[in-house]
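Below is one structure, written out as structure tokens; the observations come after it.
There are 2 protein chains.
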Amino acid sequence: MPKVKFTPQNKEIQVETGTNLLKAADQAGLYIEGDCAGRGTCGKCRVRITGDERAEPTTAEKKHLSEKDLDNGWVLACQRTLDRDIVVEVPIQKDAHLRKTTLAGGVEELTAEPMVEKIAVKLDRPAVKDQRADLERLLDNLERPDLDIELRELAGLPALLRKNSFAVTAAITGSRIISVEAGDTTDQIYGVAFDIGTTTIMGSLLDLKTASVVAVAATTNPQNAYGADVISRITHASESRENLKQLQDKVIEAANMLIKDLLKQTRVARDRVYEVTAVGNTTMSHLFMGIDPTYLAPAPFVPAYRRALEVEAARLGLRINPAGRVTFLPNIAGYVGSDTVGVILATDMDRRKDNCAAIDIGTNGELVLAANGRLMACSTAAGPAFEGAQIKHGMRAAGGALESCDYIDGEFKMGTIDDLPACGICGSGLIDAAAALLDAGLIEPSGRFVNPEENPEKVPEQFRERLRPGRNGFEFVLVSAGDSANGDDIVLTQGDLRELQLAKGAIYAGLMILLKEAELSEDQLDCILLAGAFGNYVRKESALTIGLLPQLPPEKIIAVGNAAGDGSKLALASKTVRERAMALPDRVEHLELSTRSDFQDIFIDAMAFQKPKS
Amino acid sequence: MPKVKFTPQNKEIQVETGTNLLKAADQAGLYIEGDCAGRGTCGKCRVRITGDERAEPTTAEKKHLSEKDLDNGWVLACQRTLDRDIVVEVPIQKDAHLRKTTLAGGVEELTAEPMVEKIAVKLDRPAVKDQRADLERLLDNLERPDLDIELRELAGLPALLRKNSFAVTAAITGSRIISVEAGDTTDQIYGVAFDIGTTTIMGSLLDLKTASVVAVAATTNPQNAYGADVISRITHASESRENLKQLQDKVIEAANMLIKDLLKQTRVARDRVYEVTAVGNTTMSHLFMGIDPTYLAPAPFVPAYRRALEVEAARLGLRINPAGRVTFLPNIAGYVGSDTVGVILATDMDRRKDNCAAIDIGTNGELVLAANGRLMACSTAAGPAFEGAQIKHGMRAAGGALESCDYIDGEFKMGTIDDLPACGICGSGLIDAAAALLDAGLIEPSGRFVNPEENPEKVPEQFRERLRPGRNGFEFVLVSAGDSANGDDIVLTQGDLRELQLAKGAIYAGLMILLKEAELSEDQLDCILLAGAFGNYVRKESALTIGLLPQLPPEKIIAVGNAAGDGSKLALASKTVRERAMALPDRVEHLELSTRSDFQDIFIDAMAFQKPKS
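Line by line, the protein sequences give chains A and B.
Following our numbering, the numbering of the first sequence begins with 30 at its first residue and continues without gaps.
Following our numbering, the numbering of the second sequence begins with 30 at its first residue and continues without gaps.
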């Protein structure tokens with residue numbers, strides 16, 4: 030069986046002959062970038078085989094790798110199967126320095142109103158005249174004789190009482206004692222709020238006594254190995270029970286890694302964490318709970334459930350107090366998940382009185398409109414363009430990503446995250462670049478690059494070299510090889526512009542449909558809230574320039590940060606907020622856009638870069 | 030590592046050098062008779078080592094085995110450790126043909142009122158105009174939108190619905206769907222009622238639609254390997270968490286074996302069994318649930334809990350429908366368990382109007398008195414004498430056990446179970462034999478054998494040989510070597526009589542204390558119910574002769590069979606009965622006898638064989 034060693038991570042594993050290299054990396058616990066689930070179409074799983082002869086390139090490799098790369102041992106991991114011992118160099122994972130996002134960036138404040146209640150008691154010792162059972166003795170002291178108790182805690186109760194002079198603390202959720210602890214531990218009540226993104230998983234440790242965030246951590250969603258988008262993952266999960274289990278195991282494993290990190294940062298004991306809340310899109314919610322998501326993919330996009338699911342931590346394998354409760358907030362529809370519920374909670378949309386739209390652009394785009402006491406939501410296949418997928422040099426918002434682009438005095442000024450040498454372009458950079466190129470007149474309203482041969486007068490001298498023919502149409506060199514991190518030109522292609530047009534057109538059209546249903550014109554909107562890490566970094570002016578948003582005064586467009594994740598924290602901190610969450614699936618009107626002809630009409634118009642007719 | 034092969038079971042295992050032979054047999058899954066937890070005091074774990082030289086006998090072996098036995102390779106398994114390969118002959122397990130006990134021998138009839146409800150539905154298919162989630166669709170059809178659902182069932186719901194044209198059956202317990210099944214399965218609702226005895230475990234499979242018992246099975250409680258009495262088992266469990274786990278695993282394993290047998294007999298599918306009820310003494314209840322029983326042993330005999338525990342089958346490892354519910358009925362006190370609750374249910378003592386006492390003699394003796402609307406209970410250390418333990422040739426009521434003895438025309442007439450050659454004496458045989466020997470004048474009221482040397486006139490000619498000096502006082506040969514199964518004399522010793530006196534004295538005294546508390550004389554008793562397999566077979570006349578019971582007309586003494594087990598079945602069949610059970614811990618007044626001086630006084634008087642002063 031061949032061995033494969035990964036550097037610089039220095040991980041080595043032995044695999045069956047014929048194992049795919051991408052799979053082998055996954056088995057070794059490494060994440061290799063990629064968006065196409067190993068189909069060879071995205072070209073992102075570049076790795077370098079060192080100390081071995083040059084392999085015969087596959088069609089996919091010929092398409093995505095230069096001759097020079099191939100000579101230097103670069104391959105696409107998805108194209109290689111293992112038949113002998115090799116050493117593989119994996120480029121440094123870009124998400125190692127994920128751009129930091131703000132905490133509680135939404136409108137709401139955290140309120141301390143935990144589900145878990147703790148009561149410390151000191152019991153009388155048993156005697157022949159008082160033969161009460163240990164449990165009855167405890168419940169009598171708690172003045173809650175009808176409480177239920179976790180079997181595990183009852184099992185150890187007799188010894189615990191006697192080792193601690195009958196002084197213990199009970200942790201109670203609802204009508205159930207989930208933990209009995211030695212002495213007085215009433216000051217220790219913790220919980221973890223997760224935001225399970227398709228791409229990134231974020232966790233926050235909260236001190237529930239004070240409703241304060243005491244630590245945060247984030248990691249890539251390791252389900253990425255099975256495709257960047259939810260459809261790839263649904264497809265994988267639908268193939269077998271084992272696949273579904275695999276996807277569930279991946280996300281639970283990642284959540285456990287984050288928990289470990291959070292506990293290490295704060296030295297909080299695992300058993301003192303009694304609660305987990307999570308938000309995510311409906312597919313993430315199904316996969317986290319191990320529930321068959323198959324029928325989310327084809328029309329009519331039916332989820333297995335919408336309600337919040339509450340499960341014992343031990344049952345899911347989440348390593349907090351084993352009797353702790355894990356609550357995945359409710360979904361609204363197949364493509365409007367509990368992440369949207371989180372946005373609604375964080376932005377108070379279920380209670381606010383103004384006319385307000387919220388847009389959360391993650392791997393999918395969800396939109397909510399609060400108007401005249403109604404709450405409406407829809408989702409659009411905005412696509413993962415804003416997260417860098419389907420974009421030639423797209424990448425997530427991590428160190429070295431082009432994140433801004435200005436057209437000033439006839440020149441483009443570029444900015445990268447952490448000011449590192451550019452290695453790709455992230456969502457906000459993509460929008461900025463398109464807006465800047467529009468400003469510079471290099472892109473036509475239709476979305477085509479100006480043809481420098483046909484219209485040389487439209488292309489200033491200094492851009493003649495940079496606007497060049499590519500594989501499909503023209504492409505513009507944003508950063509030249511000499512200035513980039515990997516020595517290649519970083520370009521914006523005609524294809525990239527098309528992806529951007531599809532994405533921004535879908536979001537704009539979705540918003541128009543919501544307004545139409547509410548019988549509201551865009552002028553009547555009091556505000557548009559931009560949620561998600563992306564929303565935080567996109568420049569309003571650029572978004573307005575490319576027509577992603579209707580033409581509102583910029584002060585009415587407000588970035589609210591990771592509102593979905595904030596919703597998870599709000600629901601963790603307060604049971605009242607959680608009750609509000611539970612009510613949302615029945616309260617929010619869901620509009621299915623895919624079959625509406627009015628949506629298609631607006632969408633087609635909205636793809637152009639000119640300000641759409643409203 | 031030495032290998033040991035057990036015949037005739039033909040099981041072979043390899044063990045560490047120095048492993049105790051009793052432990053090795055346990056590891057091989059064999060049950061070897063024994064009452065003393067391997068201390069070498071009961072002498073019952075006789076096995077024969079074949080094809081090896083005679084071992085040097087230990088003190089315990091010298092005490093319990095004859096020279097002839099030792100020459101033939103007989104040893105006590107508990108005294109032997111393994112240092113080489115051997116073949117061990119294990120005598121046929123006596124419980125292989127346990128005496129059959131009646132079903133529902135109590136007063137009550139089974140009523141079909143199952144906890145589990147089944148509803149068959151046919152759902153509309155989803156459409157773009159009806160995107161309801163699968164779960165909501167199901168609940169809408171059940172007209173129970175607030176039902177909870179087992180995660181496992183939700184996980185498989187989408188595929189199940191679509192594979193079965195959206196026609197399914199939901200099994201519901203309380204507010205929870207525990208199973209969703211293809212097609213219409215409303216006619217299949219099964220449950221198992223267990224009676225977890227210290228010595229024997231019995232299981233009955235009930236068709237809960239009709240409340241009929243469709244199969245029964247029984248097996249030895251494999252915890253026997255850790256001692257015949259509850260104190261030995263509590264001691265073992267208290268030594269470590271692993272030991273407690275071991276005892277739990279043993280009983281769960283035995284229960285699973287019975288379930289397998291019941292399903293095999295009836296061809297009922299495992300997943301169609303949704304409920305288990307169990308009764309047992311308080312120690313059995315703790316061990317079954319894996320709960321620390323340590324403080325049941327020392328005064329003040331405090332249990333961890335009294336209430337009924339309801340646990341998911343999968344959690345306990347019981348192999349029925351994994352979401353099925355296992356309910357261990359409530360205990361009343363440390364030594365008055367749910368077996369007594371079962372007796373009360375089966376004999377209707379919580380509702381009947383007469384003055385009625387019930388006595389359940391198992392390994393311990395529990396007594397209940399219903400009088401003037403009050404219910405009182407106590408337990409006595411009757412000891413395991415009635416189950417054959419502590420009795421020289423004692424054995425359980427199985428094939429070959431002496432079960433009856435009459436003194437007619439100057440001769441003793443013996444009867445054995447299944448008319449097999451006698452191999453020991455069981456509880457009913459012991460009482461009969463003592464009564465017959467009292468009738469024959471061979472036992473004095475004090476409990477001593479008549480001394481044939483001092484009072485030769487009291488010992489008829491024909492018994493001169495049979496009443497002979499033993500190790501401690503005299504002994505009487507009940508069956509001579511020539512007529513017995515194993516070629517040894519079967520005797521009743523002075524020590525056996527002492528054990529019998531202690532046991533019957535304790536029960537009689539316990540009953541007197543209950544009557545005293547109720548301010549009732551024994552004449553005012555309308556009936557005495559004898560519960561348990563033992564109660565079914567003991568002859569009332571003999572019980573009256575030896576003074577086990579007060580001198581009531583024999584027609585007022587009624588055997589009610591295995592009432593504890595019947596109570597388990599009644600509670601399984603009917604939720605109303607189960608509710609009655611739940612109320613009993615608070616309703617029954619428990620009397621602690623161990624510290625009452627009035628109990629000690631009556632007990633000492635009641636040990637004599639003369640009719641006690643009342």
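Cβ coordinates follow ideal geometry from the N, Cα and C atoms, glycine included.
Cβ of residue i within 8 Å of any chain A Cβ
{"i": "Arg205/B", "result": "no"}
{"i": "Phe330/B", "result": "yes"}
Three-state class that DSSP yields for residue i in the structure shown
{"i": "His126/B", "result": "With a pLDDT of 31 at His126/B, under the threshold of 50, the predicted position of this residue should be treated as unreliable, though the coordinate-derived value follows. Correct three-state label for His126/B: helix."}
{"i": "Lys642/A", "result": "Any reading at Lys642/A must be qualified, since the residue scores a pLDDT of 43, below 50, and its modelled position is unreliable; no value is offered."}
{"i": "Thr605/B", "result": "helix"}
{"i": "Phe503/B", "result": "strand"}
{"i": "Ile42/B", "result": "strand"}
{"i": "Thr239/A", "result": "coil"}
{"i": "Tyr303/B", "result": "strand"}
{"i": "Arg75/A", "result": "strand"}
{"i": "Pro614/B", "result": "helix"}
{"i": "Ile361/B", "result": "coil"}
{"i": "Asp159/A", "result": "strand"}
{"i": "Leu540/B", "result": "helix"}
{"i": "Phe415/B", "result": "helix"}
{"i": "Lys32/B", "result": "strand"}
Bridge partner(s) assigned by DSSP for residue i
{"i": "Ser597/A", "result": "DSSP lists no partner for Ser597/A."}
{"i": "Asn49/B", "result": "Thr110/B"}
{"i": "Cys556/B", "result": "Cys385/B"}
{"i": "Gly590/A", "result": "Ala560/A"}
{"i": "Tyr255/B", "result": "In the DSSP output, where bridge partners are listed per residue, Tyr255/B has none listed."}
{"i": "Arg205/B", "result": "Asp177/B, Thr202/B"}
{"i": "Ile218/A", "result": "Beta-bridge pairing links Ile218/A to no other residue."}
{"i": "Lys22/B", "result": "With chain B covering 30 to 643 only, the question about residue 22/B has no answer from this structure."}
{"i": "Ile263/A", "result": "DSSP, once it has assigned bridges, lists no residue as partnering Ile263/A."}
Proximal chain B residues relative to residue i, where beta-carbon distance stays under 7 Å
{"i": "Thr624/A", "result": "Val157"}
{"i": "Pro187/A", "result": "Asp321, Thr323, Tyr324, Ala333"}
C-beta neighbour in chain B for residue i, strict 8 Å
{"i": "Leu183/A", "result": "yes"}
{"i": "Glu648/A", "result": "Shown here, chain A extends from 30 to 643; a query on residue 648/A therefore has no answer."}
{"i": "Met318/A", "result": "yes"}
{"i": "Val340/A", "result": "yes"}
Beta-carbon neighbours of residue i, restricted to chain A and to distances below 8 Å
{"i": "Gln160/B", "result": "Pro329, Phe330, Val331, Ala362, Gly363, His619, Glu621"}
{"i": "Leu180/B", "result": "Met318, Gly319, Ile320, Leu338, Val340, Arg344"}
Residues that residue i contacts on chain A, provided the C-beta gap is smaller than 7 Å
{"i": "Met231/B", "result": "The premise fails here: Met231/B is roughly 24 Å from chain A at the closest Cβ pair, so nothing lies under 7 Å."}
Segment limits, alpha helix (DSSP H) that includes residue i
{"i": "Lys92/A", "result": "88-93"}
beta-carbon residue i near the ligand HEM non-hydrogen atom, thresh 7 Å
{"i": "Ile178/A", "result": "The ligand HEM is not among the ligands present in this structure, which contains no ligands whatsoever."}
Endpoints, beta strand (DSSP E) assigned at residue i
{"i": "Phe330/A", "result": "Note, Phe330/A: premise wrong, no beta strand (DSSP E); not H, not E."}
{"i": "Lys442/B", "result": "440-445"}
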